[in-house]
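Read in order, the letters of the sequence shown correspond to residues 142 to 706 in this note's numbering.
Where is the CB? At the ideal position from N, CA and C, for every residue including glycine.
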Amino acid sequence: MASPAAALRRAIQFSNSGKPAEAFPLMATAARAGIVEAEYRVARCYLEGLGVPPSRKEGARWLLRAANHGSADAQALLAALYLTGLVAKEGDGKGSESDQLFMADSSGKPDFTAAFDFATKAAEAGSATGQAILGYILTSGPKAMRNADAAHRWYEKSASAGCAEGCLGFALSLARSGKRENRVRIANEVRRAADAGLPTAIYLLAVLTEHGLGVVRDMDAAVQLYQAAAEKGLPSAQFRLGLALIDVDQDISAGEAWMRRAALAGNIEAAYLLGDRYVKTQRPDFAESANWYRRAAEAGHQAAARALASLYLTGNGVAQDLEEGARWLRAAALGGNQEAQVDLANLVLEGAGEPDDRASVAGWFEAAASSGDLIAAFNLGLCFANGVGVRQDEGQAAQWLRRAAEGVAEAQYMYARLLQDGRGVVTDLSQARLWFARAANAGLLDAQVALAEMLLNARGGAREPKVAMQLFERAALDGHAGAMFALGAMYGTGQGVRVSQTAAQKWYSAAAGRGHGQAQLMLGRYFSRGIAGERDPAAGRLWLERAAALGISEAADELAELAPG
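Given below as structure tokens:
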């Protein structure tokens, strides 16, 4: 070759002909002679492995030489490498900067300072790519570097030069203003970037098309755009394509396949929804669901962590493990998931969880309750009532339960109990009766039974045995053993109803079969003494023994009086 310049020209010819191995030695000759374009091309060869084994270290060394010699393209690419952490500054003051700047081929943390310096040089030299990178740093870099107005100007310059990244950045900058009149312009800039093949832009254009923002709403076109971006490997597009195929085209298998690709590529929402789909099918696959929930939960998805906890607590798809269930509930709760906080609180109230959970639970509920959350107020009342994470204080429990009682049936019932028993508040049977009535009207069985008892015994107001019986019957039909026992007592003693020992025995039997100790005692008496006409000493002994096993002393006394069986 007559000169380095001629070597470079020949190298470019080889490169354009698809002969990188022949091109590289000639480029290297020109680069060693100090030709800036050759330095930049040699750097690209090393970075891309064209005609030479790939080496990020060598590529970065030549890129730095070209950048320092004024190559705007090299400056822009160097800024991009700094941003992605593919190169890292390792200077220690010894040797030349080029020797110390790029060490091993390993990814590190982004260096925004170095990226800003080179991006500024490239942008000021007219590089559209450098302008787009500088706009990104000014938008998304460390807070001290951010300057939205300057970023907008650089993005606009880059976009006007036709840079796809600049078009996309300019569109996003326009969108931040929130002005509706910018929608068409935003869509046009996104389309320019999408037409250049930028996957993120194609995806955003699909979103705009799906919702009719700045463009005509067209779901079919949106699906095509999602597919184009999905095929370029964008996980968010793969996820949205999967949803569209399932919900719009009803192509379940294809939709789930794209969602799996998205989930495996790191889209945690796709992983969570896959877990949900496997749980909610006609034939749930809990084991598969657990796998997807775990993938999303490990990436920080709070709802997935709560769902995974539920599987561990119930033993569906995984071995039942209360400790592991509590661990995942804790992860979701600490992330702010209020439903998980309630679930974890319930575990703590049942004696599960770790010691630190008790204080955390009370703190979560107090913060939410103070802002008007009635469910949180109810749970905080339970914490004070049971001394969970706070000092036990029935007065505080009553205050929070009263607040929650404005909209929570369980709180209405518990507050009524406090009023009835005079715990934390002054005894007020008439108010207790009113709150029991509100909870009963909301369908709470325990409240129906408590109200019926007050009506039957004229506590807190007039005696109303017929209404009491109706409430007892309603609760009994829903399986409430206490209501069944009460009906047995009413029929057996004739309170508000004609005496019927047969009916009494029927209701005692129903309650006894559900483990009601007093009902077992009464049923034992009925069979032993033949109160309803049917005497069966063996059955009587059996029911008395069951009542005695529950600690009912009267049953033990009556057993002692029976003849040996």
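| Asked | Found |
| --- | --- |
| Cut-off 6 Å between Cβ atoms - residues of its own chain near residue 648, not counting five sequence neighbours on either side | 625, 628, 629 |
| Buried versus exposed, by CB contacts within 10 Å (16 or more), residue 495 | exposed |
| Cutoff 8 Å: residue 173 Cβ touching any chain D Cβ | Absence of chain D from the displayed structure is noted, only one protein chain being present. |
| Test item: CB-CB of residue 475 and residue 488 under 8 Å | no |
| Beta-carbon gap between residue 251 and residue 296 smaller than 8 Å | no |
| Exposure of residue 403, with buried meaning 16 or more beta-carbon neighbours within 10 Å | buried |
| Nearest candidate by alpha-carbon position, reference residue 637, set 307, 412, 606, 666 | 606 |
| Coil, strand or helix - residue 239 by DSSP | Because the pLDDT of residue 239 is 43, which lies under 50, any placement of that residue in the model is unreliable, and the question is left without a value. |
| Proximity of residue 215 and residue 187 at Cβ, strictly below 8 Å | no |
| DSSP three-state assignment for residue 621, whether helix, strand or coil | coil |
| Separation of residue 685 from residue 585, as counted between CA atoms | 31 Å |
| Residue range of the alpha helix (DSSP H) that includes residue 151 | 145-157 |
| N-terminal and C-terminal residue of the alpha helix (DSSP H) that residue 329 is part of | 324-336 |
| CA nearest to the CA of residue 696, picked from 659, 482, 270 | 659 |
| Exposure of residue 661, with buried meaning 16 or more beta-carbon neighbours within 10 Å | buried |
| Cα-Cα separation between residue 617 and residue 681, rounded to whole angstroms | 23 Å |
| Limits of the unbroken alpha helix (DSSP H) element including residue 502 | 496-511 |
| Straight-line Cα distance separating residue 557 from residue 387 | 49 Å |
| Backbone secondary structure at residue 339 - three-state DSSP | coil |
| Beta-carbon gap between residue 149 and residue 171 smaller than 8 Å | yes |
| Residue 236 classed as buried or exposed, judged by whether at least 16 other C-beta atoms fall within 10 angstroms | In this prediction, residue 236 has a pLDDT of 43, which is less than 50 and means its spatial position is unreliable; nothing more can be read from the coordinates. |
| Completely contained alpha helix (DSSP H) runs for the stretch 389-422, where each covers 4 or more residues | 393-405, 409-421 |
| Residue burial classification, residue 698 (beta-carbon count within 10 angstroms, cutoff 16) | exposed |
| Whole-Å CB distance - residue 412 paired with residue 445, under 8 Å assumed | 7 Å |
| Whole-Å CB distance - residue 131 paired with residue 525, under 8 Å assumed | The structure shown has nothing for residue 131, since the chain only spans 142 to 706. |
| Supposed contact pair residue 270 and residue 217 - C-beta distance, whole angstroms, cut 8 Å | 4 Å |
| Residues near residue 155 in its chain [Cβ-Cβ closer than 6 Å; skip 5 each side] | 163, 164 |
| Buried or exposed (CB count within 10 angstroms, at least 16 for buried), residue 455 | exposed |
| Test item: CB-CB of residue 521 and residue 535 under 8 Å | no |
| Alpha helix (DSSP H) runs wholly inside the stretch 588-673, at least 4 long, in chain order | 606-618, 622-634, 642-653, 658-670 |
| Spatial neighbours of residue 621 in its chain, beta-carbon cut-off 7 Å, leaving aside the 5 residues before and after | 586, 590 |
| Best match in 426, 302, 516, 330 for proximity to residue 314 [C-alpha to C-alpha] | 330 |
| C-beta atoms of residue 261 and residue 275 nearer than 8 Å | yes |
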